[in-house]
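**Student:** Residue numbers (this note's numbering): 45 to 187.
All residues carry an ideal CB built from backbone N, CA and C; glycine is no exception.
These numbers come from a predicted model, not from an experiment.
One structure follows; several queries about it will come next.
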């Protein structure tokens with residue numbers, strides 16, 4: 045997919061800023077490893093304190109990763125000072141995760157002035173563990 049604009053500066057800033065804002069992304073220690081026009085790769089370590097009593101990563105951690113990646117992937121290709129709000133996403137949890145690193149690959153599949161759609165696939169040890177798709181609303185900068 046081609047984009048009317050791409051801010052390499054925004055991409056570079058966001059590449060190292062996964063945990064800068066604090067909150068859930070800091071707690072889960074998301075790391076952005078690659079951010080190009082329309083594509084984001086992010087990682088999250090599976091930690092013992094995130095496991096259920098049955099020894100599996102809580103599905104809410106994968107859901108949070110989907111939501112995070114859904115928003116971040118759009119910033120380099122939307123107007124400066126615009127922001128995105130998740131309006132919905134659907135995910136399928138495909139298999140349990142109990143160790144290692146989760147790697148999310150997010151790709152924009154549709155973008156207009158007011159909304160965007162992205163697909164997010166999360167793998168663990170080379171196997172797909174979550175498949176998701178979501179929509180964001182793009183809020184234009186004021187002024």
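Counting only runs that start and end within the segment 112 to 160, where is the beta strand (DSSP E) found for 3 or more residues in a row?
**Tutor:** 127 to 137, 145 to 155, all fully within the segment 112 to 160.
**Student:** In whole angstroms, what is the alpha-carbon distance linking residue 138 and residue 123?
**Tutor:** Roughly 35 Å between the two C-alpha positions.
**Student:** Using the Cα positions of residue 93 and residue 150, report the straight-line distance between them to the nearest angstrom.
**Tutor:** Spanning the two alpha carbons is a distance of roughly 26 Å.
**Student:** Any idea what DSSP makes of residue 54, helix, strand or coil?
**Tutor:** Helix.
**Student:** Since residue 61 contacts residue 113 with CB under 8 Å, what's their CB separation in whole angstroms?
**Tutor:** With a Cβ gap of about 14 Å, residue 61 and residue 113 do not count as contacting.
**Student:** If I follow the unbroken alpha helix (DSSP H) through residue 79, where does it start and stop?
**Tutor:** Segment 75 to 80 is the beta strand (DSSP E) holding residue 79; no alpha helix (DSSP H) there.
**Student:** I need the boundaries of the beta strand (DSSP E) containing residue 68, first residue and last residue.
**Tutor:** Element bounds for residue 68: not the beta strand (DSSP E) but the alpha helix (DSSP H), 67 to 71.
**Student:** Are the beta-carbon atoms belonging to residue 110 and residue 79 less than 7 Å from one another?
**Tutor:** No, these two residues do not count as a Cβ contact at 7 Å.
**Student:** With DSSP run on the structure shown, which of helix, strand or coil describes residue 110?
**Tutor:** Reduced to three states, the DSSP call for residue 110 is helix.
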